[in-house]
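Residue numbers (this note's numbering), protein chains in the order written: chain C, 1 to 137; chain U, 138 to 274.
C-beta: ideal position from N, C-alpha, C; glycine also.
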DNA sequence: ATATATTGCTCTAGAGACTAGAGCATGATG
DNA sequence: CATCATGCTCTAGTCTCTAGAGCAATATAT
């Protein structure tokens, strides 16, 4: 049996975050010690690692909740889980594309700025005047 | 003189967001009509466009506040503005790199999943077992 | 001139995913 | 047995908005 601190150290999830996940219904309420402290089993730890892993992959709490619920019905078809992962992958790709446009724009702004005073600073000028931008954003 | 709705339409910033920016001190309190409605000048519109543009580029409210303050002292050196933009560019690059690792991981997970039931769904298995991952994340 | 429709006002609360702090209880170590 | 880290609950704060309630002002149509 692990204390919440042990669990935190082993999974890399902070103590308040563990309690938050419990509150959100991602992990079930654990057993308690005589003094009302949480005591976790190995199963609890696996569940938390699952959540942590999903969060690291950028899944939302809701998506993880859905995946947990799916994983508890091993006989059902896995199309649901597949769909969640694919949709998320698509989101990630969109975000990458957005950020690349941004990177490009910022590079241009920064490299153009060789003024010495704010008056002719390209950073400020570019922000003031959208017309100086290359792409749309 | 523009109403808040006009301003919203012309800058693409939603009405409640404009009021929010006012509350945050990014735009100064505008004049009011007899009936206490906000009335905006062209200068206000330019300021709001500046903010909008900065937000589109992913700058935080704080960064924008700093840039506004800089832009009001045209005689000062522009190193500050340059630094803000460069730091942000660096952040953007880091985020792109992170998301690319993620994309890769998700691609792998999704492409491996040809099981038909949750029991052998690679999505679920990958989440349960970090050992199945290629990189660290 | 009046009826209606749209837009505006303030204030409060919610979203998402935590994080921080207060004030007190428990448990492990010397 | 004393001390101190760790645990508990509860509330509030982070950030950038967004939504809704309930009411006031303005614009348009008749």
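Closest residue to residue i among the options (Cα-Cα distance)
i: residue 231(U); options: 25(C), 112(C), 100(C); result: 100(C)
i: residue 102(C); options: 193(U), 138(U), 171(U); result: 193(U)
i: residue 116(C); options: 162(U), 214(U), 202(U), 204(U); result: 214(U)
i: residue 79(C); options: 191(U), 255(U), 145(U), 152(U); result: 255(U)
i: residue 139(U); options: 233(U), 156(U), 179(U), 154(U); result: 179(U)
i: residue 266(U); options: 54(C), 21(C), 36(C); result: 54(C)
i: residue 146(U); options: 249(U), 243(U), 177(U), 228(U); result: 177(U)
i: residue 58(C); options: 154(U), 155(U), 242(U); result: 242(U)
i: residue 245(U); options: 229(U), 156(U), 264(U), 228(U); result: 264(U)
Buried or exposed by the 16-neighbour rule on C-beta atoms within 10 Å, applied to residue i
i: residue 60(C); result: exposed
i: residue 181(U); result: buried
i: residue 38(C); result: buried
i: residue 171(U); result: exposed
i: residue 186(U); result: buried
Chain U within 9 Å of residue i, Cβ atoms only
i: residue 46(C); result: yes
i: residue 93(C); result: yes
i: residue 77(C); result: yes
i: residue 106(C); result: yes
i: residue 127(C); result: yes
i: residue 70(C); result: yes
i: residue 103(C); result: yes
i: residue 120(C); result: yes
Anticipated Cβ contact below 8 Å, residue i with residue j, distance rounded
i: residue 47(C); j: residue 12(C); result: That belief does not hold up - the Cβ atoms of residue 47(C) and residue 12(C) are roughly 14 Å apart, past 8 Å.
i: residue 247(U); j: residue 89(C); result: 6 Å
i: residue 142(U); j: residue 152(U); result: 6 Å
i: residue 22(C); j: residue 29(C); result: 6 Å
Within-9 Å CB hit, residue i to chain C
i: residue 211(U); result: yes
i: residue 150(U); result: no
i: residue 199(U); result: no
i: residue 246(U); result: yes
i: residue 203(U); result: no
i: residue 223(U); result: yes
i: residue 162(U); result: no
i: residue 139(U); result: no
### Message
Counting beta carbon pairs with one atom in the region 254 to 261 of chain U and one in the region 75 to 85 of chain C, are three or more of them shorter than 8 Å?
### Response
yes
### Query
Is the region 199 to 210 of chain U in contact with the region 62 to 70 of chain C, if contact means three or more CB pairs nearer than 8 Å?
no
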